[in-house]
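Chains as they are written, first to last, in my numbering: chain A, 1392 to 1504; chain B, 15 to 130.
Structure record follows, encoded as structure tokens.
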Amino acid sequence: EPEVTQTPSHQVTQMGQEVILRCVPISNHLYFYWYRQILGQKVEFLVSFYNNEISEKSEIFDDQFSVERPDGSNFTLKIRSTKLEDSAMYFCASNQILRDTQYFGPGTRLTVL
Amino acid sequence: AQKVTQAQTEISVVEKEDVTLDCVYETRDTTYYLFWYKQPPSGELVFLIRRNSFDEQNEISGRYSWNFQKSTSSFNFTITASQVVDSAVYFCALSESEDSSYKLIFGSGTRLLVRP
Chain A
1392 EPEVTQTPSH
1402 QVTQMGQEVI
1412 LRCVPISNHL
1422 YFYWYRQILG
1432 QKVEFLVSFY
1442 NNEISEKSEI
1452 FDDQFSVERP
1462 DGSNFTLKIR
1472 STKLEDSAMY
1482 FCASNQILRD
1492 TQYFGPGTRL
1502 TVL
Chain B
15 AQKVTQAQTE
25 ISVVEKEDVT
35 LDCVYETRDT
45 TYYLFWYKQP
55 PSGELVFLIR
65 RNSFDEQNEI
75 SGRYSWNFQK
85 STSSFNFTIT
95 ASQVVDSAVY
105 FCALSESEDS
115 SYKLIFGSGT
125 RLLVRP
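Here it is in structure tokens:
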């Protein structure tokens, strides 16, 4: 069964460093999402992406964040200058049709020291 | 504004007990979708069910059942004869057709602990 994959599973970085989180959505899916979950809290929407552009972003998704689909398979989330409060689990999700179920990857745990 | 409330922060039951997880939502949209996801200790989000606002039929899948009631804006989840492997955090989520991206709005989750 096809699934969303994410790498790395855990990323440790120093405050102020840039990180890139990678996702490979399910191959025939067209809509892509990033969500964030601070430890022990709810899952929060960051950004949605379709047809090579952002369709919606939340207040969390400020100028430090960017997304890209550099090729036909990868979908990346970049944080330019990480802050301590960026420490969280980051989930990628995708679906084929907009109103369909979003399937999530296993997440990348980002720790900012 | 849309909102999902899971008032039960944590529930502890003994194996084989039945347990119901509550979910109450708010939306002005007439077409919307409700979801339940399971987050086991390993951390991934596992899809359990999707229900659209026009389908109020209750659903049963093995030991899992869902009760959708538009009149009370609730979408509750019952596990029958709970097992230790059901221990996880369960999230209820909402997406709306008026939202251009159909993003998921999650509740705060209910942590279920099933003791042997």
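For every residue, glycine included, the Cβ atom is placed at its ideal position computed from N, Cα and C.
All figures in this text were calculated on a predicted structure; none of them were measured in a lab.
Limits of the unbroken beta strand (DSSP E) element including residue i
| i | result |
| --- | --- |
| Ser1400(A) | That residue, Ser1400(A), is in no beta strand (DSSP E); it is neither H nor E in DSSP. |
| Gln1428(A) | Tyr1422 to Gln1428 |
| Cys1483(A) | Ala1479 to Asn1486 |
| Thr124(B) | Thr124 to Arg129 |
| Ser1446(A) | Glu1444 to Lys1448 |
| Thr1467(A) | Phe1466 to Ile1470 |
| Cys1414(A) | Val1410 to Val1415 |
| Trp19(B) | This sequence places Thr at residue 19(B); Trp is not what is there. Where Thr19(B) is concerned, the enclosing beta strand (DSSP E) stretches over Lys17 to Thr19. |
Min CB distance residue i to chain B below 8 Å
| i | result |
| --- | --- |
| Arg1490(A) | yes |
| Leu1487(A) | In the sequence under discussion, the amino acid at residue 1487(A) is Gln, which differs from the Leu named in the question. With 8 Å as the cut-off, Gln1487(A) does not count as an interface residue toward chain B. |
| Val1415(A) | no |
| Pro1461(A) | no |
| Glu1376(A) | The question about residue 1376(A) has no answer here: the residues shown for chain A are numbered 1392 through 1504. |
| Phe1436(A) | yes |
| Pro1497(A) | yes |
| Glu1447(A) | yes |
| Val1408(A) | Correcting the residue type first, residue 1408(A) is Gln in the shown sequence and not Val. No, Gln1408(A) does not count as interfacial toward chain B. |
| Tyr1357(A) | The question about residue 1357(A) has no answer, for chain A in this structure spans 1392 to 1504. |
| Ser1418(A) | no |
| Tyr1424(A) | yes |
Buried or exposed by the 16-neighbour rule on C-beta atoms within 10 Å, applied to residue i
| i | result |
| --- | --- |
| Ser55(B) | According to the sequence provided, residue 55(B) is Pro. The question's Ser does not apply to it. Pro55(B) should be labelled exposed. |
| Asp69(B) | exposed |
| Arg14(B) | Here chain B covers residues 15 to 130 and nothing more, so residue 14(B) does not appear. |
| Pro1399(A) | exposed |
| Gln1428(A) | buried |
| Pro1416(A) | buried |
| Ser75(B) | exposed |
| Ile1445(A) | exposed |
| Val28(B) | exposed |
| Val98(B) | exposed |
| Ala21(B) | exposed |
| Gln1405(A) | exposed |
| Ser1464(A) | exposed |
| Leu59(B) | buried |
| Asp32(B) | exposed |
Below-8 Å beta-carbon distance, residue i vs any chain A residue
| i | result |
| --- | --- |
| Arg64(B) | yes |
| Leu118(B) | yes |
| Tyr47(B) | yes |
| Phe61(B) | yes |
| Thr58(B) | The sequence given here has Glu at residue 58(B), not Thr. Output row for Glu58(B): interface = yes. |
| Phe89(B) | no |
| Phe82(B) | no |
| Ser114(B) | yes |
| Phe105(B) | yes |
| Cys76(B) | One detail in the question is off: residue 76(B) reads as Gly in this sequence, not Cys. No - not a single Cβ of chain A is within 8 Å of the one on Gly76(B). |
| Ser111(B) | yes |
| Ser122(B) | yes |
Residue i beta carbon near the ligand FAD (any heavy atom closer than 7 Å)
| i | result |
| --- | --- |
| Thr1492(A) | This structure does not include the ligand FAD; it has no bound ligands of any sort. |
Residue i at chain D interface by Cβ criterion, 8 Å
| i | result |
| --- | --- |
| Gln1405(A) | In the displayed structure, chain D is absent; the protein chains listed are A and B. |
Exercise for the section: Tell me the start and end of each unbroken beta strand (DSSP E) in the region 45-114 of chain B that is at least 3 residues and wholly inside, in chain order. Expected result: 46-53, 60-66, 73-75, 78-83, 88-93 and 102-110
Exercise for the section: Say whether the region 1485-1492 of chain A touches the region 74-92 of chain B, bearing in mind that this needs 3 or more beta-carbon pairs closer than 8 Å, one atom from each stretch. Expected result: These segments do not touch.
Exercise for the section: Count the C-beta pairs between the region 96-105 of chain B and the region 1409-1426 of chain A that are closer than 8 Å, then say yes if the count reaches three, no if not. Expected result: no
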